[in-house]
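In what follows, a structure is listed as structure tokens, so that the remarks can point back to it.
Right under this line is the structure:
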């Protein structure tokens, strides 16, 4: 059996070792030795391909794992993911995030890697800054980005993360108004039949109340029409509400209304049709055009990440799983200073 | 057309009106007049069955709705739900919560009602106190409980709420130990093969690492086994961890660990098998026995409500929709002072 020595936080094998017989593990160093990462060493030790010594003490698997775990925080998580990806038939090695994964059949270092993998615990919030940084890295080095999330039982869920590119095909909004609306508790009502039908048919604003001619608008829809200069709303005191006045009023009914509106406006300005995603537990369901009544299927669910700057893995798991079940793409919206960034997260089986 | 008069917050019709011709609306008062609730009046006014006067001013639908809305907060929501339930073919009237709904074909007041309905906005948190109070009421008067949640576009989702009665069939836990375990970052490893297989096969504790004999336990599983006196865990400093010491350590890794553990323990003590629900975005997936490998389907998802004492409707929507999609029952756990209460929430089509 090949003897390895635990030095610092790697395991060194003697220079005469044939690296091609190490199951894709190891990196030839300049000095001629072969260096194994802690994950690779644990993997080979578990398969009884090497023995590992710390000076003259021979370590069994238990001792080695305990030692590696205290040598490097996060070793346990990374080893679980390393093993899992190996057992799914891929080669991988240390990479710009945690690992670089090669396409099936390609041994590490022999061709181009396909993914970069970031290992995460379900118990740690994901910072949106980090998410965007990882995404930029992935674009720059042209590798797909995977998040490997380890749950409390050590099972791993893989998510592919992409920049969302949402572009719709509705006509630019050009109804000049004036449209008059009444506020009713949590919605706005437009009583003019012609205008109601126009707004609804051309851009799918609001909901036509079935047996009458009135149109019921949500608050985000109303704010958008006010901002476009088409809708005039009279408050309960008889005065016309400004956009700011309306937003203030809506924010009293719904916390976080303003941020939600920013995303709504951005999506509408991109030519998408945006409706509530309440039934799917997301902020919006989004269509790339006004749907024909037969093909009534929204392509995206869009959920605004809270402005705490982080998101918990169970939130992602829930949203992505739900979207997958209803055949929609799950997109998270991140509010940046001057624009909205869209991040699509997909559940993938490796 | 029948003339109604808006008096206080109801509409009165003259005593000679034939109540059987009011589409199930109205209540005969002692004085002989027929009283309509604001929702009933708006419903009949929209259908042009009555006219409504405020003193000598005749109100059109728009004026009446605006007036009703300022007379009674929440009128808009209640009217949306009233109309929706009517249009689905049911009779209803004011009830102990918001409405009492009769079985299809039964007119209001002519037979026993089936549901009591509470009208909610998706924008208001639901207090867990209120939820439990509504549930008790529903049990006491033997009527099924529906929550009608109105989303921002005025669409309504109906949830039936029931007390969850979770009882499982696993053998009582009787492994006395001592079992020795090592902590590895976020999990516990048991290295003894016989014990590992026993724990896993009889009660489905932990996960057997595929090609070796070790068992990987989650923190809640470990805490349970420590509390039962079977598991002994040695900390990194070489000292044996007490249950409290272990819980403290786990709580540092996972906020809210303790509350989650209380629910885990309660479910295990009820003979259920409890595994992580991470892939479904819930705290636990729960089986009523150790499943045969073929019928590997958990019946419940259990999610602990945060101890803020409230839950937001979008959270419920998300969880219930997801559970529905994977054919599981969604159960929320509420921690009370001395016990755990389970509340099952189902999506229903009326």
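Chains as they are written, first to last, in this note's numbering: chain A, 1 to 350; chain B, 1001 to 1350.
From the three backbone atoms N, C-alpha and C, an ideal C-beta is built for every residue, glycine too.
- Query: Do residue 243/A and residue 221/A come within 8 Å of each other at the CB atom, strictly closer than that value?
  - Reply: no
- Query: If you run the structure through DSSP and keep just helix, strand and coil, what is residue 147/A?
  - Reply: strand
- In chain B, which residues lie less than 7 Å from residue 254/A when you measure between Cβ atoms? 1123
- Query: So, is the C-beta of residue 1069/B closer than 8 Å to a C-beta in chain A?
  - Reply: yes
- Contact set between the region 152–164 of chain A and chain B, restricted to residues whose Cβ is under 9 Å from the partner: 152, 153, 154, 155, 157
- From 144/A, 137/A, 59/A, 125/A, residue whose alpha carbon lies closest to that of residue 114/A: 144/A
- Nearest CA to the CA of residue 1183/B: which residue from 232/A, 332/A, 67/A, 193/A? 67/A
- Task: Decide yes or no for the touch test of the region 1309–1319 of chain B against the region 1115–1125 of chain B: beta carbon pairs closer than 8 Å, at least 3 of them.
- Result: yes
- Does residue 1332/B have its Cβ less than 8 Å from a Cβ in chain A? no
- Check residue 1049/B in the structure and name its three-state DSSP category. coil
- Query: Along the region 182–195 of chain A, what residues have a CB closer than 7 Å to any CB found in chain B?
  - Reply: 182, 184, 185, 186, 187, 191
- Query: DSSP state of residue 1203/B, grouped into three classes?
  - Reply: helix
- Task: Spell out whether any CB of chain A is found under 8 Å from the CB atom of residue 1202/B.
- Result: no
- Query: For the beta strand (DSSP E) that contains residue 287/A, what are its first and last residues?
  - Reply: 284–287
- Query: Does the beta carbon of residue 234/A sit closer than 8 Å to a beta carbon anywhere in chain B?
  - Reply: no
- Minimum length 3: unbroken beta strand (DSSP E) runs contained in the region 1081–1154 of chain B: 1092–1094, 1099–1101, 1115–1121, 1144–1150
- Under the DSSP definition of a beta bridge, which residues are partnered with residue 1310/B? 1127/B
- Task: Could you say if the region 1330–1344 of chain B and the region 1156–1167 of chain B meet the contact criterion of at least three C-beta pairs nearer than 8 Å?
- Result: yes
- Any C-beta of chain B under 8 Å from that of residue 218/A: yes
- Message: Helix, strand or coil, according to DSSP, for residue 1236/B in the structure here?
- Response: coil
- Query: Residues of chain B with a CB under 9 Å from the CB of residue 77/A: which are they?
  - Reply: 1185, 1186
- Quick one: give me the first and last residue of the alpha helix (DSSP H) that residue 263/A is part of. 257–269
- Message: Would you say residue 170/A lies against chain B (beta-carbon separation less than 8 Å)?
- Response: no
- Task: Count the C-beta pairs between the region 1028–1036 of chain B and the region 1062–1079 of chain B that are closer than 8 Å, then say yes if the count reaches three, no if not.
- Result: no
- Message: Measuring only the C-alpha atoms, how far is residue 284/A from residue 181/A?
- Response: 23 Å
- Between 286/A, 187/A, 264/A, 308/A, which lies nearest to residue 327/A when the distance is taken from Cα to Cα? 286/A
- Query: Taking three-plus beta-carbon pairs below 8 Å as touching, is the region 139–155 of chain A in contact with the region 105–119 of chain A?
  - Reply: yes
- Message: Strictly by DSSP, which residues pair up with residue 57/A?
- Response: 54/A
- Query: Going along chain B in order, which residues have a C-beta closer than 9 Å to the C-beta of residue 53/A?
  - Reply: Chain B residues near residue 53/A: none, gap ~20 Å exceeds 9 Å.
- Message: Determine whether the beta carbon atoms of residue 290/A and residue 157/A lie at a separation below 8 Å.
- Response: no
- Task: Would you mind sorting residue 1297/B into buried or exposed? The rule is 16 or more other CB atoms within 10 Å of its CB.
- Result: exposed
- Item | residue 173/A, enclosing beta strand (DSSP E) - first and last residue | Neither: residue 173/A is in no beta strand (DSSP E) and is coded neither H nor E.
- Query: From residue 1192/B to residue 1213/B, what distance separates their C-alpha atoms?
  - Reply: 7 Å
- Message: Which of the three DSSP states is assigned to residue 1303/B in this structure?
- Response: strand
- Message: With a threshold of 8 Å between beta carbons, is residue 1103/B in contact with chain A?
- Response: no
- Message: Can you tell me whether residue 42/A is helix, strand or coil according to DSSP?
- Response: helix
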